[in-house]
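*Asks:* Would you mind keeping the following structure in view while I ask a few things?
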Amino acid sequence: MITCKSDKELNYMRDAGKIVAQAHKEVENAVEPGVTTKELDRIAEDFIVKKGARPAFKGLYGFPATICASINEEVVHGIPSLRKLENGDIISIDLGAEINGYYGDAARTLPVGSVTAEAEELMRATEQALYVGIDQAVEGNRLSDISHAIQSYVESHGFSVVRDFVGHGIGSRLHEDPQVPNFGRPGRGPRLRQGMTLAIEPMVNVGTYEVLTLPNNWTVVTRDKKLSAHFEHTIAITDDVPEILTRL
Ligand code: MG
């Protein structure tokens with residue numbers, strides 16, 4: 001069931017979204033060659049807790065950390081570790097927070113030092129695909145209009161969209177209905193209504209869209225080991241343009 005949030009609920013989600021956005025900023029400021037992903041996890045967790053919120057991922061389905069930290073060919077769900085970032089890496093950070101029973105969720109891919117032109121273009125296209133998708137999140141459109149816009153944009157730039165993981169509704173739970181795929185034909189699925197809140201999150205690969213899960217049962221990597229990027233915002237559908245809840 002897809003829920004439409006009340007003004008009061010949306011205010012709680014704005015609070016959660018703001019904390020998520022600020023936590024991303026804290027992590028971004030710390031990303032540099034030599035830092036470990038465990039250190040980044042500690043920075044995010046300390047910030048979220050200091051704000052009176054709760055890390056949304058920690059313990060969810062057994063995930064052991066506050067952030068997902070996915071490097072280079074890792075797509076999503078990388079587990080923070082003692083691995084040090086190296087110049088030329090790209091790192092996808094996904095994090096969520098809950099406050100007053102409501103959630104925010106956002107992801108972004110960051111360069112470590114100086115990265116290749118291909119990595120720059122992948123990150124730029126993935127972030128832009130997110131905004132192209134958000135533009136379709138307006139009352140009266142259908143859900144797959146978001147999906148189609150993202151896929152079209154990504155493929156027109158020569159990249160591919162991951163099929164096995166998708167965006168989602170969000171609110172009083174991190175993962176709510178509906179699923180929000182980053183691919184598909186337009187004009188399908190539920191009609192979008194004011195008060196619906198979605199986490200839209202294209203995962204974009206340089207090569208094949210096929211992915212594998214590593215033996216740790218969490219880390220998802222590209223099958224061809226080429227680079228992957230991930231951008232996500234939590235948004236609310238309004239009577240006007242979509243409201244991005246996880247932006248500063
Ligand atoms: Mg998400």
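Everything in the sequence shown is counted per the working numbering, starting at 1 for the first residue and increasing by one. Note that beta-carbon positions come from the ideal geometry of N, C-alpha and C, so glycine has one too. Keep in mind the model is a prediction, meaning the values are calculated, not measured.
#1: Would the beta-carbon of Y12 fall within 8 Å of that of G133?
#2: Where in the stretch 110-171 do unbroken runs of the alpha helix (DSSP H), each at least 4 residues long, occur, reported from the N-terminal end onward?
#3: Return yes when the Cβ of L227 is within less than 8 Å of the Cβ of V206, no when it is not.
#4: Are the beta-carbon atoms belonging to T109 and S81 less than 8 Å from one another?
#5: If you draw a straight line from the alpha carbon of N217 to that of H157, how long is it in whole angstroms?
#6: By the DSSP assignment, the beta strand (DSSP E) with I71 in it spans what residues?
#7: Buried or exposed for Y209, going by 16 or more other Cβ atoms inside 10 Å?
#8: Taking only the alpha-carbon atoms, compute the straight-line gap between G195 and S6 and give it to the nearest angstrom.
#9: Mind checking who R191 pairs with in its DSSP beta bridge?
#10: Of all the CB atoms in chain D, is at least one closer than 8 Å to the CB of T3?
#11: Given this structure, state the Cα-to-Cα distance separating A236 from A229, to the nearest angstrom.
#12: Does D105 come out as helix, strand or coil in the three-state DSSP assignment?
#13: Along the chain, where does the beta strand (DSSP E) containing A236 start, and where does it finish?
#14: List in chain order: all unbroken beta strand (DSSP E) runs of 3+ residues lying wholly within the stretch 31-76.
#15: Is the distance from the Cβ of N182 to the Cβ of V161 below 8 Å?
#16: Return yes when the Cβ of M1 is within less than 8 Å of the Cβ of D177, no when it is not.
#17: Is any non-hydrogen atom of the ligand MG found closer than 7 Å to the C-beta of D105, if you look at the structure I gave you?
#18: What is the C-beta distance between A129 and V220, in whole angstroms, given that I count them as a contact (C-beta under 8 Å)?
#19: Taking 7 Å as the line, does the beta carbon of H24 fall inside it for any heavy atom of the ligand MG?
*Replies:* By the coordinates alone:
#1: Walking along the sequence shown from the start, residue 12 turns up at place 12. Walking along the sequence shown from the start, residue 133 turns up at place 133. No, these two residues do not count as a Cβ contact at 8 Å.
#2: Segments of the alpha helix (DSSP H) lying fully in the stretch 110-171: 117-135, 143-156.
#3: Taking the first residue of the sequence shown as position 1, residue 206 is located at position 206. Taking the first residue of the sequence shown as position 1, residue 227 is located at position 227. Yes; because the gap between Cβ atoms is below 8 Å, this pair is in contact.
#4: Position 109 of the sequence shown holds residue 109. Position 81 of the sequence shown holds residue 81. Against a cut-off of 8 Å, the Cβ pair of S81 and T109 comes out as no contact.
#5: The residue you call residue 217 lines up with position 217 of the sequence shown. The residue you call residue 157 lines up with position 157 of the sequence shown. So the two alpha carbons sit approximately 31 Å from each other.
#6: Residue 71 sits at position 71 when you count from the first residue of the sequence shown. Boundaries of the beta strand (DSSP E) around I71: 67-71.
#7: As a first step, residue 209 is located in the sequence shown; it is residue number 209 there, counting from the start. Buried.
#8: Looking up residue 195 in the sequence shown gives position 195. Looking up residue 6 in the sequence shown gives position 6. C-alpha separation (whole angstroms): 7 Å.
#9: For the purposes of this step, residue 191 is identified with residue 191 of the sequence shown, where counting begins at 1. R191 pairs with R142.
#10: No chain D appears in this structure, which consists of one protein chain only.
#11: The residue you call residue 236 lines up with position 236 of the sequence shown. The residue you call residue 229 lines up with position 229 of the sequence shown. If I take the Cα positions, the gap works out to 23 Å.
#12: The residue given as residue 105 occupies position 105 in the sequence shown. Strand at D105.
#13: Translated into the one-based positions of the sequence shown, residue 236 becomes position 236. A236 -> beta strand (DSSP E) spans 233-236.
#14: 67-71, 74-76
#15: In the sequence shown, the residue the question calls residue 182 occupies position 182. In the sequence shown, the residue the question calls residue 161 occupies position 161. Between N182 and V161, the C-beta spacing is below 8 Å.
#16: Numbered from 1 along the sequence shown, position 177 holds the residue referred to as residue 177. Numbered from 1 along the sequence shown, position 1 holds the residue referred to as residue 1. Judged by beta-carbon spacing, M1 lies within the 8 Å limit of D177, meaning their Cβ atoms are closer than that value.
#17: For the purposes of this step, residue 105 is taken as residue 105 along the sequence shown, with counting starting at 1. For the ligand MG, at least one heavy atom lies less than 7 Å from the Cβ of D105.
#18: Position 129 of the sequence shown, counting from 1, holds the residue named residue 129. Position 220 of the sequence shown, counting from 1, holds the residue named residue 220. The pair is not a contact, with the Cβ atoms about 18 Å apart (cut-off 8 Å).
#19: Walking along the sequence shown from the start, residue 24 turns up at place 24. No, since every heavy atom of the ligand MG falls outside the 7 Å radius drawn around the Cβ of H24.
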